[in-house]
Amino acid sequence: MKIRPLNDRILVKRLEEEQKTKGGIIIPDTAKEKPAEGTVVAVGSGRHNEKGERVPVELKAGDRVLFSKYGGTEVKIDGEEFLIMREDDILGVVEN
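According to our numbering, the sequence shown is numbered sequentially starting from 2.
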């Protein structure tokens with residue numbers, strides 16, 4: 002199934018969380034926090050400004066992003082978990 006977000010919304014897949022610390026300690030499931038980093042899967046066509054012109058989203062599919070911890074709405078599509086969030090919930094793009 003394909004999902005195309007509307008307006009300035011973005012579909013993000015969270016990155017997998019680490020199972021061990023750098024020191025080799027295994028983290029139990031109950032102590033793990035959901036990562037605030039993910040990969041953009043799809044983007045909407047952009048929002049409208051005051052003049053009615055469409056302002057395109059600055060992100061593209063494949064970008065690795067940081068987002069606010071409680072931002073977005075969790076959705077399950079074909080058994081996979083994703084987040085749908087507004088462009089404003091994205092804090093930054095991770096560049097190599």
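All C-beta atoms in this analysis are idealised placements derived from N, C-alpha and C, irrespective of residue type, glycine included.
None of these values were measured; they are calculated from a predicted model.
Assuming LEU84 is part of the beta strand (DSSP E), what are its boundary residues? Residue numbering aside, residue 84 sits at position 83 when the sequence shown is read from its first letter. Residues 81-87.
Please list the terminal residues of the continuous beta strand (DSSP E) segment that includes LEU7. By one-based count along the sequence shown, residue 7 stands at place 6. Unbroken run through LEU7: none, as it is neither H nor E.
Tell me which residue opens and which closes the beta strand (DSSP E) that ALA37 is part of. In the sequence shown, the residue the question calls residue 37 occupies position 36. Unbroken run through ALA37: none, as it is neither H nor E.
Cβ pair count under 8 Å reaching 3, the segment 73-82 against the segment 44-51: no
Report the CB separation of VAL1 from GLU88 in whole angstroms; it is logged as a contact under 8 Å. No information on residue 1 is available, as it lies outside the stretch 2 to 97 that the chain covers here.
Can you tell me where the beta strand (DSSP E) with VAL94 in it begins and where it stops? Taking the first residue of the sequence shown as 1, we reach residue 94 at position 93. Taken as a continuous stretch (DSSP letters only), the beta strand (DSSP E) holding VAL94 covers 91-94.
Quick check on LYS52: does DSSP put it in helix, strand or coil? For the purposes of this step, residue 52 is taken as the residue at position 51 of the sequence shown. Here LYS52 sits in coil by DSSP.
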